[in-house]
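Student:
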Amino acid sequence: MNWFVLALISSITLSLREVVVKKAGKELSSAFMSWGLNFFMFLIFLALNVICLNYHVVTLSFVWVLMIAATLDSLATVLYLWAIKTGDLSKIIPMLCFIPVIQLFVTPILIHENLSLMGIAGVLVVVCGSYILNIETRDGFLSPIKSVFKDKSSMTMLAVACIWGVSSSFHKMGVNQTNALFWGASEIGLISLFLFPFAVWSDKGDFSFLKLKKTLWPALFSTLTVLSYYTAISLGPVAYVSSVRRLGVLFSMVIGIVVLKEKLNSHGFAGGIIMITGACIISLFG
């Protein structure tokens, strides 16, 4: 199975995860949902490592990569939750489309990945399509960009995109030093440890196993998403994998139309076509 197929699987399961999170997380705080999701993911990854007898010697280099990746991802998660809670989704979500753009500049430096010109073009086409798909109104096309300079939540989400754009390179370092299963258990376990205080604080004393169980199904889909993503970046360039994963936005739109009976607007359709074109360019010429 090549990286493109795995990236597609990751994008589909990511979309399904968001649907499950939306249904299961109505009564949970964002911080509690995030911690519970990561906690169950850690248990699943740990169990898979034990079943597969997947053990690796932990080196000092691996520990440094792990600490940096988990710290960055934990910080990004907290900032992401704050931005989602306080900002206008139509203005802040498009900021995440710039993750592959950040990776185009970061991965050649950190992990020495050199992409072809056609591959870079494909990444930029996917980013453009994803951005268009996320804009709710035509007259608001530049509103997310403009809001960065005057809206804290938009600026925060752009910072999240930058952090995730950098942390993805450390994911590849960790996966290359071990494998996707071992890296997943290590990093997600550390993230759940970092997020635990935020979960307790946000829960305001009403901490129960019954509430924790509601994060189990989201964790199952997240495990599939993360495992396929980590395996994909071990096989292909990070920026390519991340770009194909942006198709998750497109799959979410399809789910919304088919399942939730939402309407399809013209710019959403155009954005989807552009994203698919970009993914094809990456697949064929990247």
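Note that the sequence shown covers residues 189 to 474 in the numbering used here.
Ideal Cβ positions, reconstructed from N, Cα and C, are used throughout, including at glycine.
Keep in mind it's a predicted model, so treat the numbers as computed, not measured.
Around the Cβ of P288, are there at least 16 other Cβ atoms within 10 angstroms (buried) or fewer (exposed)?
Tutor: Here residue 288 refers to the residue found at position 100 when the sequence shown is read from its first residue. Burial call: buried.
Student: Per DSSP, what kind of secondary structure is V246 in: helix, strand or coil?
Tutor: Within the sequence shown, the letter at position 58 stands for residue 246. Looking at V246 - three-state DSSP - the assignment turns out to be coil, as it is neither helix nor strand.
Student: Helix, strand or coil: which one does DSSP assign to E206?
Tutor: Sequence index remark: in the sequence shown, residue 206 carries index 18 (1-based). Reduced to three states, the DSSP call for E206 is helix.
Student: Counting C-beta neighbours from all protein chains within 10 Å, is the total for H359 16 or more, i.e. buried, or is it exposed?
Tutor: The sequence position of residue 359 within the sequence shown is 171, counting from 1. H359 comes out buried.
Student: With a CB to CB cut of under 7 angstroms and the five nearest residues on each side skipped, what residues in its chain are close to V363?
Tutor: The residue you call residue 363 lines up with position 175 of the sequence shown. Excluding residues within five positions, the ones whose Cβ falls inside 7 angstroms are W371, Y418, I421, S422.
Student: For I299, which residues in the same chain have their Cβ closer than 6 angstroms to its Cβ, ignoring the five residues on either side in sequence?
Tutor: To locate residue 299, count along the sequence shown from 1; it is residue 111. Correct list, in chain order: S357, K360.
Student: According to the Cβ coordinates, are T344 and L267 closer than 8 angstroms?
Tutor: Stepping through the sequence shown from its first residue, residue 344 is reached at position 156. Stepping through the sequence shown from its first residue, residue 267 is reached at position 79. Against a cut-off of 8 angstroms, the Cβ pair of L267 and T344 comes out as a contact.
Student: So, helix, strand or coil for R326, using DSSP?
Tutor: In the sequence shown, counting from the first residue as 1, residue 326 sits at position 138. Note on R326: pLDDT 48, under 50, position unreliable in the model; the coordinate value appears next. Helix at R326.
Student: From L284 to L254, what does the alpha carbon distance come to, in whole angstroms?
Tutor: The count along the sequence shown starts at 1 and reaches residue 284 at position 96. The count along the sequence shown starts at 1 and reaches residue 254 at position 66. Their Cα atoms are separated by approximately 23 angstroms.
Student: By the 10 Å Cβ neighbour count, where 16 or more other Cβ atoms means buried, how is Y428 classified, buried or exposed?
Tutor: The residue given as residue 428 occupies position 240 in the sequence shown. Under this definition Y428 is a buried residue.
Student: In this structure, does DSSP put T366 in helix, strand or coil?
Tutor: Counted from its first residue, the sequence shown places residue 366 at position 178. If DSSP states are grouped into helix, strand and coil, T366 belongs with coil.
Student: Would you kindly report the start and end of the unbroken alpha helix (DSSP H) that includes R433?
Tutor: Position 245 of the sequence shown, counted from the first residue, corresponds to residue 433. Its alpha helix (DSSP H) spans residues 426–433.
Student: Identify which residue in G224, V388, A387, S355 has its Cα closest to the Cα of V294.
Tutor: As a working mapping, residue 294 is identified with position 106 in the sequence shown. Checking every option, the nearest Cα to that of V294 belongs to S355.
Student: Relative to the C-alpha of Y319, which candidate in C468, I469, I470, I461 has its C-alpha closest?
Tutor: Locating residue 319 in the sequence shown gives position 131, counting from the first residue. Considering only alpha carbons, the answer is I461.
Student: Could you work out which residue in T403, V348, P425, A309 is closest to T259 when comparing CA atoms only?
Tutor: Counting from 1 along the sequence shown, the entry for residue 259 is found at position 71. Here the closest residue by C-alpha is V348.
Student: Under a three-way DSSP split, which group does L254 fall into?
Tutor: On the sequence shown, position 66 is the one that residue 254 refers to. In the structure shown, L254 sits in a helix (DSSP, three-state: H, G or I).
Student: Return the Cβ separation of L369 and N242 in integer angstroms, given the expectation that the two are a contact with Cβ distance under 8 angstroms.
Tutor: By one-based count along the sequence shown, residue 369 stands at place 181. By one-based count along the sequence shown, residue 242 stands at place 54. About 5 angstroms separates the two Cβ atoms, so the contact holds.
Student: Does the Cβ of A458 have 16 or more other Cβ atoms within 10 Å, making it buried, or fewer, making it exposed?
Tutor: As a first step, residue 458 must be located in the sequence shown, where it is residue number 270. That one is exposed.
Student: With distances taken from CA atoms, which of I200, T265, V208 is nearest F384?
Tutor: Here residue 384 refers to the residue found at position 196 when the sequence shown is read from its first residue. Selected option, being the one with the closest Cα: T265.
Student: Mapping DSSP to helix, strand and coil, what is I379?
Tutor: Position 191 of the sequence shown holds residue 379. Residue state, collapsed to three classes: helix.
Student: Are the beta-carbon atoms belonging to S203 and G436 less than 8 angstroms from one another?
Tutor: Along the sequence shown, read from residue 1 onward, the residue named residue 203 stands at position 15. Along the sequence shown, read from residue 1 onward, the residue named residue 436 stands at position 248. Yes, the pair counts as a contact, with Cβ atoms nearer than the cut-off.
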